[in-house]
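Listed in order, the protein sequences are those of chains L and D. For the first sequence, the working numbering assigns the number 295 to the initial residue and increments by one for each residue that follows. For the second sequence, the working numbering assigns the number 2 to the initial residue and increments by one for each residue that follows. Even glycine gets a Cβ: it sits at the ideal position worked out from N, Cα and C. Being a predicted model, the structure only gives us computed values, none of them experimental. Below: one structure, written as structure tokens.
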Amino acid sequence: MRRVYLDNNATTPVLPEVFEAMRPYFGERFGNASSIHHHGQESRAAVERARESVAALLGSRASEIVFTSGGTEADNLALAGLVTAGDHVITSSIEHHAVLNTGRHLEEAGCDVTYVPVDGRGLVDPDDVRRALRPNTKLISMMMANNETGVLQPVEEVGKVAAEADVFFHTDAVQAAGKVPIDVTRIGCDLLSISGHKMHAPQGIGALHVRQGTRIQPLLYGGRHERSRRAGTENVPGIVALGKAADLAVQGFEHGDDKNTAALRDRVESGILAQVDEAGVNGDGAPRVPNTTSVYFDHIDGEALVIALDLKGLAISTGSACSSGAIEPSHVLTAMGLRADRARASIRFSMGKQSTVEDVDFALALVVEAVARLRELSPLYKKAAISN
Amino acid sequence: MPNPRTLAVAMSGGVDSSTVAAMLRAEGHNVIGLTMQLWNQRRLAGHEGMPESVHGRCCSLDDVYDARRVAEHIGIPYYVVNHEERFEREVVRPFVQEYLSGRTPIPCSLCNNHLKFDQLLIVARQIGAEQVATGHYARVEFDEARGRWLLMRPADRRKDQTYFLFGLTQEQLSYTLFPLGNMTKPEVRELARQHGLALAEKPDSQEICFVPGGDYKRFIDAYLADRGDALPDTAGELVTTSGEVIGEHGGIHNFTVGQRKGLGVATGSPLYVIQISGADKQVIVGGEESLYSRTLRVSRVNLIAVDELREPMRVSVKIRHRHEPAAAVIEKIDSAVTTHSGESGDAEILVTFDQPQRAITPGQAAVFYDGDIVVGGGWIV
């Protein structure tokens with residue numbers, strides 16, 4: 295069966311160049327980057343080169359990059375590493391669970407957390423952030439791009455709010471890195487999280503930009519790795535891969551890869567809207583990353599659509615999965631004010647660097663057919679048809 | 002293999018449904034495994050009397066894990082579908098409401114009617130399955146002479162689950178397969194072993210899947226507390242069958258018809274709960290002889306083997322899951338009694354037993370059998 299993968303916001307395939315770059319570090323270059331001998335020096339050099347590459351992607355300095363096990367750890371380190379009992383934190387209602395649930399944990403630990411809302415397009419109003427400020431506000435954490443809708447938050451304006459109020463600013467850029475150019479200075483953030491596997495490096499590697507002079511408490515205690523900000527022997531192959539993926543992302547922007555991706559995304563959207571009635575794009579009208587679109591199809595269950603498409607060879611997704619693998623109602627779409635049935639009727643397409651026009655056309659044909667079948671067998675659709 | 006078909010299997014993570022999936026796969030069908038996520042077992046964790054973690058129960062992560070392992074082992078695609086919201090609305094809330102109204106509900110039948118053979122069937126057909134197979138012990142067959150789908154008791158009488166399936170419609174039955182209908186439980190376990198299923202020795206589930214430990218009173222308390230609702234005050238009087246008030250009780254939901262223990266009164270002869278009156282919150286008690294009754298009425302009737310009950314019919318009737326069907330006559334109650342129009346679900350049926358039956362319990366189902374054939378059934382009022 296032909297299989298097409300348009301779920302790159304869940305994870306991306308490791309690009310061949312990235313895999314080649316990391317491969318020696320599983321075998322012949324196996325050294326511990328902390329060792330003083332030849333093998334250690336070889337690994338240390340590779341880690342530091344990768345750190346420079348990641349810094350270049352983010353407009354950061356190499357000394358400001360802390361490698362982590364992924365985006366979740368980076369988010370945890372940013373929040374829990376900075377905030378202590380009695381502090382106030384401002385974040386948004388549409389953050390990834392890595393931030394939301396860290397926020398809940400901090401609340402239990404004696405912090406106050408404000409979750410600012412979003413409008414119908416999925417955008418935070420920076421004035422809401424400003425209004426949420428309190429004398430004890432320590433940190434604002436606002437995602438750069440949303441994983442479900444791809445909507446880009448006004449992080450530069452939020453950065454200004456943070457600077458004026460002299461509070462720390464963290465942005466979860468996991469879904470933005472490699473998709474749109476990032477410059478920590480322009481954003482004005484003190485902390486910024488990225489994840490390797492969302493940008494064609496493997497799972498299990500991520501990084502946190504920590505602006506020089508920002509003192510964070512480590513989550514893990516042990517050796518003095520990563521300037522005592524993250525103990526544990528470095529994941530050298532993963533770090534090398536993240537460095538390579540960062541290089542490729544930078545080159546991609548120079549070659550206009552993001553514009554090609556946007557063209558694929560637009561092809562998905564216009565194809566669906568032209569061929570399917572009672573469908574629409576969530577977050578339409580807001581600035582978005584080029585690779586993501588969230589589409590609703592009224593009167594269907596997005597969960598059944600995802601399964602039907604998977605059985606036909608198309609991998610897409612909806613909402614976020616809970617621990618059993620079942621799909622939970624999307625907190626993001628609900629926060630945008632979508633009706634519950636429309637939130638349930640939404641699916642997400644997300645393109646990667648490997649995605650092609652053929653992939654998109656294959657997907658479109660399957661989606662149009664599957665939506666028709668689902669509606670034909672949907673009691674909701676029949677009910678709506680009768681009442682019309 | 003002459004005719005491979007696309008079949009969905011409702012997989013619970015237990016031996017029965019796992020074996021069904023393995024059997025159908027071995028027969029060469031395109032099998033899709035589906036598990037319904039119905040209830041978050043951790044939701045009430047931490048409330049008084051509720052366990053912190055629940056193992057080996059329906060909808061627990063362990064069961065999903067087991068089902069997924071089976072799917073992987075036999076090489077079929079497998080998905081978990083989330084029906085928590087509907088399960089709460091159609092099964093859990095009515096379950097709590099029934100107890101608070103003085104009845105003794107059967108959530109499994111509601112789940113079959115509203116979830117397993119409704120929502121799951123819709124999803125299965127939407128994703129391209131021709132039929133849905135389950136691990137129930139029952140048989141389904143099309144009867145040419147009647148032109149109807151029949152639900153029948155299985156070969157293994159001890160495992161008979163037809164009592165919980167009386168609500169299935171003709172359309173639902175036409176899309177349903179019960180591959181275990183002609184097998185006994187030991188045979189199923191043996192087949193599971195032959196297919197190399199690691200869970201072949203997994204114990205059967207016995208209790209209501211969302212009520213850990215079977216303590217429904219604690220569940221009701223915890224559920225209402227979780228929703229921020231106060232437990233309604235259903236305390237009232239303990240009254241004898243002759244109308245004498247002999248004490249107080251703490252709430253009608255603590256009682257079920259036929260119950261002897263926990264009445265909180267001491268009398269010379271043993272007392273049983275004879276009736277629970279939701280309207281005036283009375284629990285009526287009496288001697289064992291008062292528990293017996295020859296008649297009952299059912300509402301929300303579903304007929305399977307016949308399209309209508311035109312004249313009285315001799316059947317045997319089961320009034321609870323563990324009840325030996327008893328000879329009876331069923332007849333439609335004069336339609337002037339019913340207030341709603343036409344639909345079969347509105348008409349009530351009167352059941353008259355040859356011999357009085359013990360502890361006829363409102364909220365339970367009465368299911369009518371003609372030999373092995375399920376004629377239909379309804380809810381005892």
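Under 9 Å from the C-beta of residue i: neighbouring residues of chain D
i	result
L:Glu622	Asn83, Glu85
Whether residue i touches residue j by CB criterion (7 Å)
i	j	result
L:Val530	L:Tyr319	yes
D:Arg126	D:Ile77	no
L:Pro584	L:Ala556	yes
D:Ala366	D:Ser110	yes
D:Ser300	D:Glu332	no
L:His494	L:Leu352	no
L:Ser487	L:Gly365	yes
L:Val455	L:Met436	no
L:Asp406	L:His382	yes
L:Val474	L:Lys492	no
L:Leu446	L:Ala457	no
D:Thr185	D:Asp161	no
L:Ala657	L:Arg415	no
D:Leu116	D:Phe88	yes
L:Ile533	L:Val341	yes
D:Asp134	D:Leu8	In the sequence as presented, Asp is not what sits at residue 134 of chain D; that position holds Ala. Contact flag set, yes.
L:Thr443	L:Ala426	no
D:Arg159	D:Pro363	no
L:Gly472	L:Ala543	yes
L:Cys499	L:Leu558	According to the sequence provided, residue 499 of chain L is Ile. The question's Cys does not apply to it. For L:Ile499 and L:Leu558, no; Cβs fall outside 7 Å.
L:Ala539	L:Phe591	no
D:Gly136	D:Asp17	yes
L:Val410	L:Ser386	yes
Counted within 10 angstroms of its Cβ, other Cβ atoms place residue i as buried (16 or more) or exposed
i	result
L:Asp301	buried
L:Tyr299	buried
D:Val338	Its pLDDT being 46, under 50, D:Val338 is placed unreliably by the model, and nothing is read from it.
L:His593	buried
D:Val32	buried
D:Gly269	exposed
D:Pro180	buried
L:Thr378	exposed
D:His84	buried
L:Lys553	exposed
D:Asn183	exposed
D:Arg58	Residue placement at D:Arg58 cannot be trusted, given a pLDDT of 49 that sits under 50; what the coordinates show is reported in the next sentence. It counts as buried.
D:Pro108	buried
D:Arg190	buried
L:His331	exposed
D:Tyr79	buried
D:Arg154	buried
D:Ala146	exposed
D:Phe369	buried
L:Met295	exposed
Residues that residue i contacts on chain D, provided the C-beta gap is smaller than 7 Å
i	result
L:Ile610	By Cβ distance, chain D contributes nothing, its closest Cβ being about 14 Å from L:Ile610, past 7 Å.
L:Arg667	Gln127
L:Ile641	Going along chain D, no residue has its Cβ under 7 Å from L:Ile641, so there is no contact; the nearest lies around 14 Å.
Amino acids of chain D, ordered along the chain, whose beta-carbon sits closer than 8 Å to that of residue i
i	result
L:Glu597	Val82, Asn83, Val124
L:Leu671	Ile123, Arg126, Gln127
Amino acids of chain L, ordered along the chain, whose beta-carbon sits closer than 9 Å to that of residue i
i	result
D:Pro78	Ile601, Asp604, Leu605
D:Ile33	Ile601, Leu605
- request: Decide yes or no for the touch test of the stretch 218-233 of chain D against the stretch 86-100 of chain D: beta carbon pairs closer than 8 Å, at least 3 of them.
  value: Output reads yes: the stretch 86-100 of chain D touches the stretch 218-233 of chain D.
message: Three or more C-beta pairs under 8 Å: does that hold for the stretch 120-136 of chain D against the stretch 149-157 of chain D?
response: The stretch 120-136 of chain D vs the stretch 149-157 of chain D: no contact.
- prompt: Are the stretch 198-210 of chain D and the stretch 26-38 of chain D touching, with three or more C-beta to C-beta distances below 8 Å?
  reply: Contact annotation: the stretch 198-210 of chain D does not touch the stretch 26-38 of chain D, with fewer than three C-beta pairs closer than 8 Å.
message: What ranges does the beta strand (DSSP E) occupy inside the stretch 434-520 of chain L, keeping only unbroken runs of at least 3 residues that lie completely in it?
response: If we require 3 residues or more, the beta strand (DSSP E) runs fully inside the stretch 434-520 of chain L come out as 462-466, 485-489, 500-504.
- request: Tell me the start and end of each unbroken alpha helix (DSSP H) in the stretch 151-210 of chain D that is at least 4 residues and wholly inside, in chain order.
  value: Those alpha helix (DSSP H) runs which fall completely within the stretch 151-210 of chain D and span 4+ residues are 171-175, 186-195.
- prompt: What beta strand (DSSP E) runs, 3 residues minimum, are completely inside the stretch 77-123 of chain D?
  reply: Counting only runs of 3+ residues, the beta strand (DSSP E) found wholly inside the stretch 77-123 of chain D occupies 79-83, in chain order.
Inter-stretch contact (C-beta, 8 Å, three-pair minimum) for the stretch 317-329 of chain D and the stretch 349-364 of chain D: The stretch 317-329 of chain D is in contact with the stretch 349-364 of chain D.
field: 3-residue-minimum beta strand (DSSP E) runs that sit fully inside the stretch 321-381 of chain D, ordered along the chain
entry: For the beta strand (DSSP E) assignment, the uninterrupted runs of no fewer than 3 residues enclosed by the stretch 321-381 of chain D are, from N- to C-terminal side, 327-333, 350-359, 366-371, 374-381.
message: At 4 residues or longer, what runs of the alpha helix (DSSP H) sit wholly inside the stretch 231-275 of chain D?
response: None, since the stretch 231-275 of chain D contains no complete alpha helix (DSSP H) of that length.
task: Return the chain-ordered ranges of every alpha helix (DSSP H) run that is complete within the stretch 581-643 of chain L and spans a minimum of 4 residues.
output: Uninterrupted alpha helix (DSSP H) stretches at least 4 residues long and entirely within the stretch 581-643 of chain L occur at 596-606, 625-629, 634-638, given in chain order.
field: beta strand (DSSP E) runs contained entirely in the stretch 17-73 of chain D, provided each spans 3 or more residues
entry: Here the runs fully enclosed are 31-38.
- prompt: So, do the stretch 233-247 of chain D and the stretch 274-286 of chain D have three or more beta carbon pairs nearer to each other than 8 Å?
  reply: Contact between the stretch 233-247 of chain D and the stretch 274-286 of chain D is present: 3 or more CB-CB pairs across the two stretches fall below 8 Å.
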